[in-house]
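Data first, discussion second: the structure below is written as structure tokens.
Protein chains in written order, with the numbering used here: chain P, 48 to 373; chain L, 8 to 673.
Dropping the structure here:
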């Protein structure tokens with residue numbers, strides 16, 4: 048990725064009159080950290096980056112923005128929001144369009160073909176986080192870690208994030224501006240994580256998830272980071288009826304996690320953000336991917352590919368398989 | 008202030024339907040101990056007059072404000088009891104039915120267990136009934152006009168009945184003429200009436216009726232709204248002939264540069280027509296139409312030195328500049344009568360319909376024996392050298408019916424009789440011909456049908472029980488390979504002509520109508536009626552009724568009967584002038600709706616739309632329910648991720664306590 052080109056394009060877009068601000072990635076305050084960058088003026092674009100550390104799915108900021116009450120007579124700012132997206136992020140945008148979470152004329156999508164992100168945990172294990180500036184770059188066949196002016200080449204498989212090993216859409220599926228050429232896609236790895244759990248018997252699966260959900264501290268980070276969890280008033284917060292009790296225990300944790308996963312069935316675009324932000328290291332991606340696999344196998348549907356698609360959870364065909372109904 | 012619930016529980020014996028399995032007296036005692044229950048009674052038939060009176064008296068005497076009737080399914084008697092409690096001064100929606108018949112006594116044998124279950128069901132109803140809200144149904148005006156889609160015999164009859172009753176009727180027909188399939192038939196079984204003779208007067212009537220607006224060569228483009236208030240948009244396709252000027256003289260068709268070149272739809276492709284044509288001589292309206300697919304001028308922009316039709320038309324009616332027109336109107340009810348398609352025998356290649364010209368369909372035979380047909384009523388075949396009269400004619404029944412291999416498991420109901428009728432007509436024309444009919448069963452169920460079948464058999468027509476496996480050619484002859492299953496003998500009968508008794512299929516274009524009106528199909532792909540026995544002409548969409556073969560194969564008398572039934576159903580809202588909108592519909596909580604539109608997509612009745620509302624200066628989209636269209640089915644509620652749309656009387660806060668009372672939730 049040519050960073051000059053990226054910043055130049057971003058500056059042009061941010062300067063457009065019909066653009067409110069641009070959301071991209073910028074260097075964080077220390078070490079490997081990357082932060083979301085909100086660019087309102089062209090000058091701000093100089094700090095933008097795109098590197099194997101830009102894991103965050105910025106599409107979540109499209110729906111996270113709060114619509115504060117306007118003083119009487121004041122017109123709402125209807126300018127567009129420009130957004131930088133990787134392949135997976137672009138699917139979130141496409142799915143948001145399907146669900147009318149945003150409208151096409153409200154966004155400018157800047158596509159960043161993505162050769163794959165590093166797994167921050169794997170990276171930290173081998174090359175611990177530092178207070179000094181550090182970065183990771185792509186090389187032809189892997190990653191290059193830059194620390195203290197020293198470059199270390201690391202093979203791709205050693206650090207590649209799980210969601211990227213499984214990725215089928217590294218190139219953005221929708222965009223208004225594409226930065227650089229599309230990357231060569233790779234054969235996605237078999238999703239052994241899901242298969243392993245599938246292969247367990249009912250008791251084994253129960254025991255597995257019991258252990259995982261018992262760790263949940265119900266911080267709701269997974270929900271809040273998810274670009275597709277954008278109900279203003281989440282049913283999990285409701286008191287009448289109380290779908291999920293507030294107490295943190297295995298039963299309520301399970302109810303919460305299953306409700307979250309089911310609300311994302313046929314909608315989750317597998318960006319892996321929920322799992323990345325989970326402080327309890329619950330393999331949420333596995334749960335989401337299991338449901339995505341069911342939807343794909345049973346109904347031949349993949350979300351976030353076609354902004355014109357019928358929403359999966361609201362579609363019904365007379366010949367839909369129903370062999371799982373008791 | 009929330010009033011204190013005072014509940015009356017009424018337990019029905021339903022004769023012995025309930026009381027033979029459920030100990031109703033014990034249930035009564037139990038119910039009395041439930042919270043807020045003031046009165047509990049049992050009665051042999053709660054739905055009867057004295058049963059209802061019991062409830063009404065109690066409401067007055069004990070000042071009850073919530074009623075539970077523990078009896079049959081709400082589908083059966085909910086309206087009965089709603090009316091009863093309303094008469095006693097209660098809001099009709101303060102009623103809860105506990106279904107202890109279909110969901111208890113009928114499906115259990117053990118009295119003890121069934122009684123225990125009945126108690127639970129009533130406990131659950133008590134938990135819910137106190138949370139019910141008062142609802143008011145509303146009335147809206149109904150437009151005193153009807154739309155009939157399709158002008159075959161079903162559509163014509165329905166339109167005539169409604170128009171005769173004094174209501175404006177719009178009759179929309181896709182093709183240039185009314186008449187439909189019946190116009191193509193020669194004689195009709197069993198009294199052998201001439202089809203045209205009985206149909207054409209009705210065709211003329213519907214064109215001249217002061218209350219009928221006939222929109223021929225037109226298609227319905229859009230239908231919005233609900234019972235009593237449908238907005239309809241119809242496309243009148245360009246005929247390229249001025250409707251008012253054309254006298255129907257036919258000079259244009261004779262002089263057309265491509266005269267008699269194209270297969271005539273009316274003659275099943277056996278006769279020819281010009282690019283400008285009248286589908287058949289008795290067509291109504293008797294106005295010519297230019298077929299844009301074949302007209303040289305319309306297709307290529309050039310026709311010799313100038314279009315001949317224009318040259319010869321004395322009335323100056325030809326107008327190549329004509330464009331499709333749109334008409335919009337409002338109706339209160341809609342009758343759907345698009346008809347059927349004959350089965351295409353190419354899908355049974357073993358019968359060689361595509362390969363052998365002397366293998367024809369029953370529809371083609373109709374045209375062949377018709378005096379107005381392409382041969383003037385002569386039954387002729389080409390034996391390779393000349394046109395001759397066939398000496399041996401075979402009929403095969405159930406082609407494309409009762410046949411799983413082509414996906415049609417149903418019986419088409421008309422083929423047995425039309426085959427018998429055609430055999431009779433051929434016998435009249437060819438007294439010496441050998442006629443065989445290969446059949447699986449003979450179903451002669453109608454009035455006079457069995458008698459007619461007997462008569463045909465006596466006319467030296469041989470019925471052979473067997474389903475032919477193949478038709479192939481041997482010299483000039485066609486060979487029907489079949490096993491006579493009555494004596495287990497394999498046969499190879501040599502014949503000159505084979506008539507395939509093709510069945511009836513739903514129309515290929517049915518999808519369009521389905522999408523326009525959100526109708527459903529039954530397993531056989533025909534339109535689904537609201538109830539197979541008690542509501543055979545209604546659909547799940549209020550104000551939309553079915554007539555004719557679109558609902559299932561029918562002969563002419565059945566079609567006419569159903570059309571008259573549909574017409575009378577359609578006239579109910581028209582005559583009343585008002586329709587009642589049920590109050591038990593879905594409601595959106597606009598404050599929590601996230602505007603995703605899942606409910607809009609999933610609603611089977613198109614009852615939900617997205618609207619833009621102003622929220623503190625911001626324009627946001629939320630769902631809104633059209634109460635006239637909503638049936639309260641709850642599909643939207645199931646699809647809603649933020650729980651923002653719920654059917655009234657079935658809100659989460661009402662049904663969750665009910666479920667909890669069953670003991671399945673903590």
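Glycine included, C-beta positions come from ideal geometry on N, C-alpha and C. No experiment lies behind these values; they were computed from the predicted model shown.
At least one beta carbon of chain P lies nearer than 8 angstroms to the beta carbon of residue 649(L). Runs of the beta strand (DSSP E) spanning 3 or more residues and lying entirely within the stretch 233-268 of chain L occur at 236-243, in chain order.
Annotation: residue 371(P) has no Cβ neighbours in chain L at a cutoff of 8 angstroms; minimum Cβ distance is about 16 angstroms.
Collapsing the DSSP output to three states places residue 229(L) in a strand. For residue 351(P), no chain L residue has a C-beta closer than 8 angstroms to its own C-beta; the minimum C-beta separation is roughly 14 angstroms. Scanning chain L for C-beta atoms nearer than 7 angstroms to the C-beta of residue 363(P) yields 609, reported in chain order.
Spanning the alpha carbons of residue 84(L) and residue 588(L) requires a straight line of approximately 19 angstroms. Within the same chain, 445, 489, 490, 491 and 492 come within 7 angstroms of residue 473(L) by CB-CB distance, once the 5 residues on both sides are set aside. Ranked by Cα distance from residue 400(L), the options 278(L), 387(L), 458(L) and 359(L) are led by 387(L). Under the three-state reduction of DSSP output, residue 544(L) falls in the coil class, being neither helix nor strand. Measuring C-alpha to C-alpha distances from residue 32(L) to each of 378(L), 49(L) and 22(L) identifies 49(L) as the nearest. In the DSSP assignment, residue 329(P) forms no beta bridge with any residue. In the three-state DSSP reduction, residue 443(L) falls in the strand class (E or B). Here residue 274(P) is buried. Its C-beta has 16 or more other C-beta atoms within 10 Å. In the DSSP annotation of this structure, the continuous segment of the alpha helix (DSSP H) that includes residue 137(P) starts and ends at 134-145. In the same chain as residue 332(P), and ignoring 5 residues on each side of it, the C-beta atoms closer than 6 angstroms to its own belong to 319 and 322, in chain order. Sequence-distant Cβ neighbours of residue 77(P) in its own chain, meaning closer than 6 angstroms and more than five residues away, are 178. If you draw a straight line from the Cα of residue 209(P) to the Cα of residue 90(P), it is about 35 angstroms long.
One thing to note: residue 242(L) has its Cβ within 8 angstroms of the Cβ of residue 225(L). Non-local C-beta neighbours of residue 431(L) in its own chain, meaning closer than 7 angstroms and more than five positions away in sequence, comprise 463 and 466, ordered along the chain. The beta carbon of residue 660(L) falls within 8 angstroms of a beta carbon belonging to chain P, placing the residue at that interface.
Under the three-state reduction of DSSP output, residue 69(L) falls in the helix class. In the DSSP assignment, residue 15(L) falls within the beta strand (DSSP E) that extends over 14-19. Of all alpha-carbon atoms in 140(L), 64(L), 87(L) and 206(L), the one lying nearest the alpha-carbon of residue 100(L) is that of 140(L).
Minimum Cα-Cα distance from residue 158(P) among the listed residues 370(P), 130(P) and 355(P) corresponds to 130(P). Residue-level contact by beta carbon holds for residue 282(P) and chain L, with a gap shorter than 8 angstroms. In the DSSP assignment, residue 104(L) falls within the beta strand (DSSP E) that extends over 102-106. For residue 256(P), there is no enclosing beta strand (DSSP E); the enclosing alpha helix (DSSP H) covers residues 249-261.
Residue nearest to residue 325(P) within the set 186(P), 262(P), 356(P) and 81(P) is 262(P) (criterion: CA-CA distance). For residue 68(P), none of the residues of chain L pass the 8 angstroms Cβ criterion, the least Cβ distance being about 17 angstroms. When secondary structure is reduced to three states using DSSP, residue 171(P) falls in the helix class.
Counting other Cβ atoms within 10 Å of its Cβ, residue 452(L) stays below 16 and is therefore classed as exposed. In the DSSP assignment, the residues bridged to residue 153(L) are 176(L) and 340(L). Residue 217(L) sits exposed, since fewer than 16 C-beta atoms from the chains shown fall within 10 Å of its C-beta.
Taking C-beta separations shorter than 6 angstroms and ignoring five residues to either side along the sequence, the partners of residue 597(L) in its chain run 629, following chain order. Here DSSP, grouped into helix, strand and coil, assigns residue 305(P) to helix.
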